[in-house]
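First comes the structure, then the notes that go with it.
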Amino acid sequence: MSGEFGDLPTGVIAQPDPVILPRADRLFATRASRLRHLSEGHPMADWLRFMAGLADAQHDAVAAVVAPAVAILPHTPPLDGPAHPRDPSWRRALARILVEPADPALPDQTRQVMAALRDRDPEPLAAAWLAGVVPATEAGPAMFVAAALQVYFAAVAATLPVGDIALLAQRGLCPVCGSAPVAGVITGAGKAPGTRYLHCGLCATAWNHVRVACIGCGESKSLTLQEIEGGNGAVMAETCDACMGYAKMLYQAKDMQVDPMADDLASLGLDILVGEAGWSRLAANPLVLAG
Ligand SMILES: [Zn+2]
Ligand SMILES: [Zn+2]
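Heads up, the sequence shown is in my numbering, so the first residue is 390 and it goes up one at a time.
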């Protein structure tokens with residue numbers, strides 16, 4: 390019953406699926422190839438290639454996750470990030486991510502961060518990250534812990550019965566884990582083209598959200614779309630003058646290959662543009678939380 394991003398149009402405009410769970414078997418591999426594509430000729434090419442390598446490691450780490458049985462209760466995200474009792478296998482996912490890549494371009498500082506994290510108990514940092522209270526001095530190791538938690542939560546979310554998951558009253562939050570979205574995607578194909586889905590930055594679940602309302606405050610009168618000069622319309626910042634927040638929206642009609650995490654990372658210039666103009670980002674990218 391679940392729809393999928395990139396389903397071919399059927400010729401019939403149907404009701405959009407309210408919730409689309411991630412495909413953990415290909416989520417990170419697709420992201421890695423998108424990041425490599427976006428890195429070509431990009432001013433931050435080295436960093437995007439590093440993030441592509443991290444996504445490769447995340448793809449490898451999916452197999453390490455053992456999904457626990459999860460109870461689905463009304464009005465509660467079943468994998469509520471901070472409260473969910475994580476299966477210890479998430480640490481095996483982290484261990485796979487911390488296997489040092491052969492990449493000679495990897496900075497020594499990053500090697501040291503990875504080595505230090507291999508030698509410590511990651512649970513306190515995971516708890517701090519999920520609670521949104523990572524100190525700035527922990528930004529380096531927190532990125533790897535966040536990457537492992539993304540793997541774990543996506544792998545567990547993928548096992549849930551999608552028909553039992555209801556949207557939350559707070560439509561701006563993920564119905565599976567309660568996290569904020571990293572970006573929205575306006576579909577260009579599938580059952581209901583032109584539908585907006587918000588994409589969870591933690592478990593990679595997508596959920597339907599009306600297009601005419603700010604995802605931060607719900608206001609509809611003060612929304613504007615902005616982009617980098619010369620952009621192709623695929624990545625836009627939706628700014629709201631009611632709450633002075635913004636979120637990125639990706640338009641499949643302009644580029645079917647958009648990936649919420651990858652295209653967000655590759656468009657930090659847009660964050661600088663709208664940030665300098667006075668809007669604040671509604672939710673950070675989980676991998677650049679404190680960076
Ligand atoms: Zn989620
Ligand atoms: Zn708003």
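A virtual CB, placed ideally from N, CA and C, is assigned to each residue, including glycine. What you are looking at is a predicted structure, and each value in this text was computed from that prediction instead of being measured.
Selected residue, minimal CA-CA separation from residue i, among the options
i    : options                   : result
L410 : A631, V545 and K643       : V545
S656 : G583, A572 and T576       : A572
W766 : G607, S609, G579 and G561 : The chain is shown from 390 up to 680; residue 766 falls before or after that span and cannot be answered.
P471 : W518, R500 and W479       : W518
V408 : G605, V551, A421 and G567 : V551
A450 : A525, F533 and G583       : F533
A441 : D476, K637 and L495       : L495
L659 : K643, A642 and T628       : T628
C566 : R438, A460 and A418       : A460
Extent of the continuous alpha helix (DSSP H) to which residue i belongs
i    : result
M440 : A434 to A450
R420 : L416 to S428
E665 : L657 to E665
L654 : P649 to L654
Check: residue i C-beta below 6 Å from any heavy atom of ligand 2
i    : result
E608 : yes
G634 : yes
A631 : yes
G605 : yes
Separation of residue j from residue i, as counted between CA atoms
i    : j    : result
L591 : A543 : 7 Å
L587 : P493 : 36 Å
V601 : T613 : 11 Å
N674 : G607 : 21 Å
D508 : A651 : 29 Å
R694 : V454 : There is simply no residue 694 to check, as the chain begins at 390 and stops at 680 in what is shown.
A482 : P457 : 15 Å
G430 : S422 : 15 Å
A666 : A593 : 29 Å
D681 : T576 : In the structure displayed, the chain extends from 390 to 680; residue 681 sits before or after that span and is not available.
T465 : D445 : 32 Å
M649 : L671 : It should be pointed out that residue 649 corresponds to Pro in this sequence rather than to Met. Using only the alpha carbons, I get a separation of about 15 Å.
G620 : V522 : 35 Å
T584 : E512 : 38 Å
I617 : T548 : 38 Å
L556 : A535 : 24 Å
L639 : A413 : 21 Å
V345 : L443 : With the chain represented from 390 up to 680, any question about residue 345 goes unanswered, as that position is not in the structure.
A504 : W479 : 18 Å
Extent of the continuous beta strand (DSSP E) run through residue i
i    : result
L639 : G634 to Y640
P570 : P570 to I575
A626 : V624 to C629
A595 : A595 to N597
C589 : R585 to C589
Q615 : L612 to Q615
Cβ-heavy atom distance, residue i to ligand 1, below 6 Å
i    : result
V488 : no
L591 : yes
T548 : no
S354 : Residue 354 lies beyond the residue range present for the chain, which begins at 390 and ends at 680; the question has no answer from this structure.
V451 : no
V565 : yes
At what residue ranges does the stretch 450 to 531 contain a whole run of the alpha helix (DSSP H), taking only runs of 4 or more? 478 to 486, 497 to 507 and 512 to 519
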